[in-house]
């Protein structure tokens, strides 16, 4: 399909900023009671509409994840049950679902933020391996995880303990048609960060040294650690086959691993969640997802009045490949 031409928009920066926000899949930084508003429901409607658009394309690939893709499309937040001003819905907990990712990311930030902020002498570490083709992506990720575990065991024998949080990410290079799995860490102690990097390069001598990185961590680093596991949008295009390769490779594997700190919260979200919406008119109702909003079929009323803007419509109609 043809690519979106940003110059067709009056405000180039606004367009690119919107792409970046969708690509990162991040919610507001913290779970705040003020987010429990009808406006937050409109954001959820936008996430649901966008997720359904590309997940339908993923399902059409008819790969091993087809059933899970359909669960997202037809099961995640499709029915919201209202009791007074509380809405209860079912969530799919899938990594490609933006609705679930917003909940997951906010929960992880709330769960780990204070613990990570209290670590002394924090450093943000990036460890990479050479890019690989999709056929060996899962094997490569498992090997990376095992090599990191071996490094931890080796260092522990030397009374060196890595303390912090490890995060797995994977991006796609459309030009080379290959994948870039890599780790991000926040760890305590510059010496520990440096020895972790040294041991990594011993096991991956062909890895690009310029691709590895150690820098002092700050609050922004903590938020960065909890951004997307994998970008849905790459260079303003949604590459469906590549996304399926990534999600297939990661099936059943974990993204986060606490290191020497207590596991604050699971990266899974509960299948059933209830949310109290303070400024939602109290009622007893069933809201069913139809196209781009939840509708009360008995009255025809829309829950959020969300309508996809030009940017979203262009993205889902022209830029999914």
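Numbering (this note's numbering), first residue to last: -13 to 307.
The beta-carbon is built from N, C-alpha and C at its ideal position, and this holds for glycine as well.
Between the alpha carbons of residue 48 and residue 144, how many angstroms are there, rounded? 49 Å
In the segment 219 to 259, which residue ranges form an unbroken alpha helix (DSSP H) of at least 4 residues, counting only runs that do not cross its ends? 226 to 235
Report yes if the C-beta distance between residue 125 and residue 247 is below 9 Å; otherwise report no. no
Pick out whichever of 191, 163, 208 has its Cα sitting closest to the Cα of residue 171. 208
By the three-class DSSP mapping on this structure, what secondary structure does residue 82 have? coil
Which one of 250, 288, 77, 58 has the shortest CA to CA distance from residue 100? 250
Would you call residue 103 buried or exposed, if buried means 16 or more other Cβ atoms sit within 10 Å of its Cβ? exposed
Per the contact definition of three or more C-beta pairs closer than 8 Å, is the segment 46 to 60 in contact with the segment 79 to 90? yes
Continuous beta strand (DSSP E) assignments of at least 3 residues falling wholly in the segment 77 to 165: 108 to 114, 150 to 159
Put residue 15 into one of helix, strand or coil per three-state DSSP. Residue confidence is low: residue 15 scores 32 on pLDDT, short of 50, so the model does not pin down where it sits. No coordinate-derived value is stated.
Rounded straight-line distance, which links the Cα of residue 139 to that of residue 295: 52 Å
Could you check whether the segment 183 to 191 touches the segment 206 to 222, counting it as contact only if at least three pairs of C-beta atoms, one from each stretch, sit closer than 8 Å? no
Evaluate residue 326 with the Cβ neighbour count: other Cβ atoms within 10 Å of its Cβ, from every protein chain shown; 16 or more gives buried, anything less gives exposed. Beyond the ends of the chain as shown, which are -13 and 307, falls residue 326; an answer cannot be given.
9 Å Cβ cutoff met for residue 226 and residue 307: yes
DSSP puts residue 272 in a beta bridge; with which residues? 67
By DSSP's criteria, residue 302 is part of a beta bridge. Which residues make up the other side? Residue 302 pairs with nothing; no bridge assigned.
Look up residue 56 in the DSSP assignment and say whether it is helix, strand or coil. helix
Would you say the segment 261 to 281 touches the segment 53 to 70, given that touching needs at least three Cβ pairs under 8 Å? yes
What would DSSP say about residue 175, mapped onto helix, strand or coil? coil
Which residue from 30, 74, 147 puts its Cα closest to that of residue 245? 147
I want to know whether the segment 111 to 122 touches the segment 174 to 183 - three or more CB-CB distances under 8 Å. yes
Please classify residue 12 as buried or exposed, where buried requires at least 16 neighbouring CB atoms within 10 angstroms. Caution is warranted here: a pLDDT of 35 is assigned to residue 12, below 50, making its placement in the model unreliable, and no coordinate value can be reported.
Over the uninterrupted alpha helix (DSSP H) stretch that includes residue 38, give me the two end residues. 24 to 46
When the distance is taken between beta carbons, is residue 240 closer than 9 Å to residue 308? Nothing in the structure corresponds to residue 308, since the chain is present only between -13 and 307.
Mind checking residue 107: buried by the 16 CB within 10 Å criterion, or exposed? exposed
Beta strand (DSSP E) segment containing residue 200, residue limits: 199 to 202
DSSP three-state call for residue 287: helix, strand or coil? strand
Going by C-alpha to C-alpha distance, which of 28, 58, 27 sits closest to residue 42? 58
Pull the bridge partners of residue 184 from the DSSP assignment, please. According to DSSP, which records beta bridges pairwise, residue 184 is partnered with nothing at all.
Cβ-based burial, residue -12 [other Cβ within 10 Å; buried from 16]: Here residue -12 scores only 25 on pLDDT, less than 50, and its place in the model should not be relied on; the value that follows carries that caveat. Flag for residue -12 reads exposed.
According to DSSP, simplified to helix, strand and coil, what is residue 215? coil
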